[in-house]
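Undergrad: In our numbering, the protein residues as written are 23 to 339. Just so it is clear, CB atoms sit at the ideal spot from N, CA and C, and this is done for glycine as well. For clarity, every value in this text was computed on a predicted model and none was experimentally measured.
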Amino acid sequence: MMTSRGVQRIVVGVDEYEPYGDFAALRFAADAARQRGGVIKLVHGCGPRHSIGHESRAAIDERVRRGRRLLGGAARRLGRMTELDTRIQVLASPLPAAEVLLEESKSAAMIVLQRRDLAQARRVYAGSTTSTVAAQATCPVAVVRSEQVDSEPLTGGVVVGVDSLGHARQALAMAFQEASWRGVDLTVIHAWEPHVSAAPYYGYVPPDASEIEVAHQDEARALAEACAGMSEIYPDVQVHRELVEGPVVRTLLELSRNAQLLVVGRHGHSQLASLGLGTVARHMIRQSPCPVLVTPGEPPAQQHLLSGTEVAVGPGY
């Protein structure tokens, strides 16, 4: 979406461990730029996640040179997927990947990451850049896996999960926007389970039929209130509301099986690595059958517009 102040910038994290396996992230970014216009910026953090001792200036410079070569190859692959007028930028930073991506999130419309499935021992050392960035980024973070974006265009709609606590307002707004850009239907899902209590001396007491009915009406009201007003803003989006009694993770996994995109809110508030991600978002990143867009808990304080300070290296790759 163009604005009077600039264009949207989509940032893609490029990983050195799989230099030719980043097709899914590049394809997702190319499709996003085609739908809404904008600049794609390829970013590689050259620094190690855990520093061991002091690195010489020569060693740091060599890391950056390798990063630039890596980004050059990614830019050429991306250029074959995008429109001729799509601008492509690159940034090889001496910082670790998570640090540079979090800094980029302050002025980006979206960050796109391709999740790698590491062996457990290696993950203990390397950590998870994807989870850390998704948990702390200022802008929405799209997470894809290689098998989720193939040569055939995805035909499903956009799915978003909401709750009754108001945590997913930003996710819902982003889901409407994505559905409008893509020209597809939006399914708004609210999964809920009856509250249970343990009476003194008697153990578990299941809710009776009347209690379940009252709870169902309350949750239906919460779902309607969550969607209120959004259809007026996006009259072109066909909305389907799904109120499901059942576990939220299982429900989202089942109902997003054929979706183009699943949008979830980041409910956690911790700033300690990935602990701020929230349980649902963490499960969706690991298990979702489709790409996942994780949105911050609160609207960004600033518009995510191109600052104009980066050096363009496209179009033409």
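Assuming Arg31 and Ala131 make a contact with CB atoms under 8 Å, what is their CB distance in whole Å?
TA: Yes, they are in contact, since the Cβ atoms of Arg31 and Ala131 sit about 6 Å apart, within 8 Å.
Undergrad: Would you report the Cα separation of Glu105 and Glu215, rounded to the nearest angstrom?
TA: C-alpha separation (whole angstroms): 46 Å.
Undergrad: Roughly how many whole angstroms lie between the Cα atoms of Phe198 and Glu77?
TA: The alpha-carbon atoms of Phe198 and Glu77 are separated by roughly 47 Å.
Undergrad: Please list, in chain order, all residues of the same chain as Gly268 whose beta carbon is under 6 Å from its beta carbon, the five residues on each side excluded.
TA: Cβ neighbours of Gly268 beyond the five flanking positions: Ala213.
Undergrad: Could you tell me whether the Cβ atoms of Pro118 and Arg85 are closer together than 8 Å?
TA: For Pro118 and Arg85, no; Cβs fall outside 8 Å.
Undergrad: Please report the residue range of the alpha helix (DSSP H) in which Val314 lies.
TA: Note, Val314: premise wrong, no alpha helix (DSSP H); beta strand (DSSP E) at Val314 to Thr317.
Undergrad: What is the C-beta distance between Leu135 and Ala47, in whole angstroms, given that I count them as a contact (C-beta under 8 Å)?
TA: Their Cβ separation, rounded to whole angstroms, is 6 Å, which keeps Leu135 and Ala47 in contact under 8 Å.
Undergrad: Have a look at the DSSP bridge pairing and note the partners of Val34.
TA: DSSP, once it has assigned bridges, lists Leu64 and Val134 as partnering Val34.
Undergrad: What does the alpha-carbon distance come out to for the pair Glu264 and Ala246?
TA: Distance between the alpha carbons of Glu264 and Ala246 is about 10 Å.
Undergrad: Sort out for me which residues DSSP pairs Leu265 with in a bridge.
TA: Per DSSP, His212.
Undergrad: Quick one: grab the DSSP three-state call for Val270.
TA: Of the three classes helix, strand and coil, the one that applies to Val270 here is helix, per DSSP.
Undergrad: Is the region 269–280 touching the region 236–250 in the sense that three or more CB pairs, one from each, lie closer than 8 Å?
TA: Flag = no, the region 236–250 and the region 269–280 do not touch.
Undergrad: By how many angstroms is the C-alpha of Ser202 removed from the C-alpha of Tyr256?
TA: In a straight line, the C-alpha of Tyr256 is about 7 Å away from that of Ser202.
Undergrad: Between the Cα of Cys68 and those of Gln239, Met306 and Ser115, spot the shortest distance and give me the residue it belongs to.
TA: Nearest of Gln239, Met306 and Ser115 to Cys68, Cα basis: Ser115.
Undergrad: Here's a check: name, in chain order, each residue in its chain whose Cβ is nearer than 6 Å to the Cβ of Ile82, leaving out the five neighbours to either side.
TA: Result list for Ile82: Pro116, in chain order.
Undergrad: Have a look at Ala237, Arg304, Leu194 and Ile307 and flag the residue whose alpha-carbon is nearest the alpha-carbon of Gly251.
TA: Measuring from the Cα of Gly251, the nearest candidate turns out to be Leu194.
Undergrad: Let me know the secondary structure DSSP gives Ser232 once reduced to three states.
TA: Correct three-state label for Ser232: helix.
Undergrad: Reducing DSSP to helix, strand and coil, say where Ser253 ends up.
TA: DSSP places Ser253 in helix when its eight states are reduced to three.
Undergrad: Would you identify the three-state DSSP class for Gln111, choosing helix, strand or coil?
TA: If DSSP states are grouped into helix, strand and coil, Gln111 belongs with the strands.
Undergrad: Can the beta-carbon of Val182 be found closer than 8 Å to that of Arg109?
TA: No.
Undergrad: Using DSSP with H/G/I as helix, E/B as strand and the rest coil, what is Leu117?
TA: Reduced to three states, the DSSP call for Leu117 is strand.
Undergrad: Classify Ala52: buried if its beta carbon has 16 or more other beta carbons within 10 angstroms, exposed otherwise.
TA: Looking at its Cβ environment, which holds 16 or more other Cβ atoms inside 10 Å, Ala52 is buried.
Undergrad: Check for me: the beta strand (DSSP E) holding Gly178 runs from which residue to which?
TA: Note, Gly178: premise wrong, no beta strand (DSSP E); not H, not E.
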